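Residue numbering for the sequence shown follows the working numbering, starting at 2 and increasing by one per position. Notes follow once the structure below has been shown.
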Amino acid sequence: MWPNKFDYVRAGSVDEALSSITDDGKFLAGGHSLLPVMKLRLDAPEQLVDIGRIPELQGISANGGLTIGAAATHDAIASSADVQAMCSALASACGQVGDQGVRNFGTLGGNIAHADPASDPPTVLVACGATVNIQGADGARSVGAEDFFVDLFETALDDGELITSVSLPNCSDCQCAYVKFPHPASRYAIVGVAVCLKMDGGTCAQADVAVGGATVKAVKCAGAEAALAGTTLDDAALNAAAEAVKSDIADWLAGDIAYPESYRQQMAGVFLKRAVAAAQG
Ligand SMILES: Cc1cc2nc3c(=O)[nH]c(=O)nc-3n(C[C@H](O)[C@H](O)[C@H](O)COP(=O)(O)OP(=O)(O)OC[C@H]3O[C@@H](n4cnc5c(N)ncnc54)[C@H](O)[C@@H]3O)c2cc1C
Numbered sequence: 002m003w004p005n006k007f008d009y010v011r012a013g014s015v016d017e018a019l020s021s022i023t024d025d026g027k028f029l030a031g032g033h034s035l036l037p038v039m040k041l042r043l044d045a046p047e048q049l050v051d052i053g054r055i056p057e058l059q060g061i062s063a064n065g066g067l068t069i070g071a072a073a074t075h076d077a078i079a080s081s082a083d084v085q086a087m088c089s090a091l092a093s094a095c096g097q098v099g100d101q102g103v104r105n106f107g108t109l110g111g112n113i114a115h116a117d118p119a120s121d122p123p124t125v126l127v128a129c130g131a132t133v134n135i136q137g138a139d140g141a142r143s144v145g146a147e148d149f150f151v152d153l154f155e156t157a158l159d160d161g162e163l164i165t166s167v168s169l170p171n172c173s174d175c176q177c178a179y180v181k182f183p184h185p186a187s188r189y190a191i192v193g194v195a196v197c198l199k200m201d202g203g204t205c206a207q208a209d210v211a212v213g214g215a216t217v218k219a220v221k222c223a224g225a226e227a228a229l230a231g232t233t234l235d236d237a238a239l240n241a242a243a244e245a246v247k248s249d250i251a252d253w254l255a256g257d258i259a260y261p262e263s264y265r266q267q268m269a270g271v272f273l274k275r276a277v278a279a280a281q282g
């Protein structure tokens, strides 16, 4: 199907993008979610402002923590030595997005702005305490990832606001992992779990856990974190965390006829154990 007619503007800078966008306009990054939605006539913006080649939105810099430009592609993030060193779970999540063609075009900014519940990067961003940096006509602001994802396909972005980058703390002293149960056709996450474990000798001093795919948005899992922290990550702790994670996500469950809510909730516990095992190498 063809989308409705629209005007096309290619912005050369963030300022130009913000001053060009109209009330009925949308930013275009990799186009791998927006264009399918337009072809299905689920959305019909009258204007697209192409932000894919804006220099300020490119690149990944490591300076204490990570700053990833909104237009960085999944492939660039997955193959970045800095991301692999400072947040291996994010490199892993971006490396598991779709197929190589999707990873070559899809961007981190587009992925999180679209806020598909089955996306991979949001789960890691929530687990690892990332910050989303946003620019609007009235200035810049930053929002923690946990607050950025509000509900199904809903974020804290206001109309006309542009994500410029995502900041992450340096997690190189943690054991991190992202594991998912991919949909056999699309590769989107049916269940995805991210863990970031700070170990002190053989004891887990701090655990950060988030679940996506099974839920309408990426959810931080305080119950599972409490069950893992202060333990040696033995079987009893893992079983307790697997039970706790089901309660953590109970209010946010997503499902469909093939993979209903109850199934995804159960699988979240299974994949939490797998994520801890993967993090421990
Ligand atoms: C076949 C297929 C398989 C996929 N599999 C997966 C998967 O397994 N896991 C996964 O996580 N994702 C998957 N995706 C999604 C993909 O990873 C892209 O991240 C996603 O399509 C959005 O990124 P984009 O750059 O293409 O954004 P676009 O499609 O260009 O934009 C999406 C939305 O975000 C807005 N937007 C874009 N950039 C910004 C910005 N900087 N600031 C504010 N708003 C912005 C746009 O206006 C639009 O509303 C898949 C996509 C396809 C087509």
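Ideal Cβ placement from N, Cα and C applies to all residues, glycine included. Keep in mind the model is a prediction, meaning the values are calculated, not measured.
Could you name the residues of the same chain whose beta carbon sits closer than 7 angstroms to that of residue i, not counting the 5 residues immediately before and after it, in chain order?
i: Asp159; result: Gly137
i: Ala86; result: Ser173
i: Cys175; result: Cys197, Leu198 and Lys199
i: Gly13; result: Ile55
i: Leu254; result: Ala215, Thr216, Glu262, Arg265 and Gln266
I believe residue i touches residue j by the beta-carbon criterion, under 8 angstroms. Please report the beta-carbon distance rounded to the nearest angstrom.
i: Gln48; j: Asp8; result: 4 angstroms
i: Thr156; j: Ala114; result: 6 angstroms
i: Thr98; j: Gly107; result: Rather than Thr, the amino acid found at residue 98 in this sequence is Val. The pair is a contact, with the Cβ atoms about 6 angstroms apart (cut-off 8 angstroms).
i: Asp249; j: Ala223; result: 6 angstroms
i: Arg265; j: Val151; result: Rounded, the Cβ-Cβ distance is 20 angstroms, inconsistent with contact.
i: Pro170; j: Gly60; result: The Cβ separation is near 19 angstroms, so there is no contact.
i: Asp83; j: Asn105; result: Contact flag wrong, Cβ pair sits at about 20 angstroms.
For residue i and residue j, what's the separation of their Cα atoms in angstroms?
i: Ala238; j: Cys177; result: 18 angstroms
i: Ile69; j: Val271; result: 31 angstroms
i: Pro46; j: Ala227; result: 45 angstroms
i: Thr216; j: Phe149; result: 15 angstroms
i: Asp121; j: Met39; result: 22 angstroms
i: Ile135; j: Pro123; result: 16 angstroms
i: Arg54; j: His33; result: 15 angstroms
i: Phe154; j: Ala119; result: 10 angstroms
i: Arg11; j: Phe28; result: 10 angstroms
i: Gly213; j: Leu229; result: 19 angstroms
i: Gly202; j: Arg188; result: 36 angstroms
i: Gly26; j: Met268; result: 39 angstroms
i: Pro37; j: Gly231; result: 46 angstroms
i: Val246; j: Val144; result: 25 angstroms
i: Asp44; j: Leu163; result: 19 angstroms
i: Arg42; j: Thr23; result: 19 angstroms
i: Asn5; j: Gly96; result: 33 angstroms
i: Ser263; j: Ala71; result: 35 angstroms
i: Val133; j: Asp51; result: 20 angstroms
i: Cys88; j: Gly102; result: 23 angstroms
i: Leu109; j: Asn240; result: 33 angstroms
For residue i, which beta-bridge partners are listed by DSSP?
i: Ile69; result: Ile61 and Val167
i: Thr156; result: Phe150
i: Tyr179; result: Ala195
i: Phe28; result: Val50
i: Met200; result: Cys205
i: Ile135; result: Arg142 and Ile164
i: Thr74; result: Thr108
Who are the Cβ neighbours of residue i in its own chain at under 8 angstroms, not counting the five residues just before and after it?
i: Leu234; result: Leu198, Cys205, Val277 and Gln281
i: Asp117; result: Ser34, Phe154 and Tyr189
If you drop the 5 nearest sequence neighbours on each side, which residues of the same chain put their C-beta closer than 6 angstroms to that of residue i?
i: Asp252; result: none
i: Glu147; result: Val127 and Lys221
i: Tyr179; result: Ala90, Ser93, Ala94, Val125 and Ala195
i: Ser81; result: Ile61
Using a Cβ cut-off of 7 angstroms (strictly closer), state whether residue i contacts chain C.
i: Ser248; result: The chain labelled as chain C is not found in the depicted structure, where only one protein chain is given.
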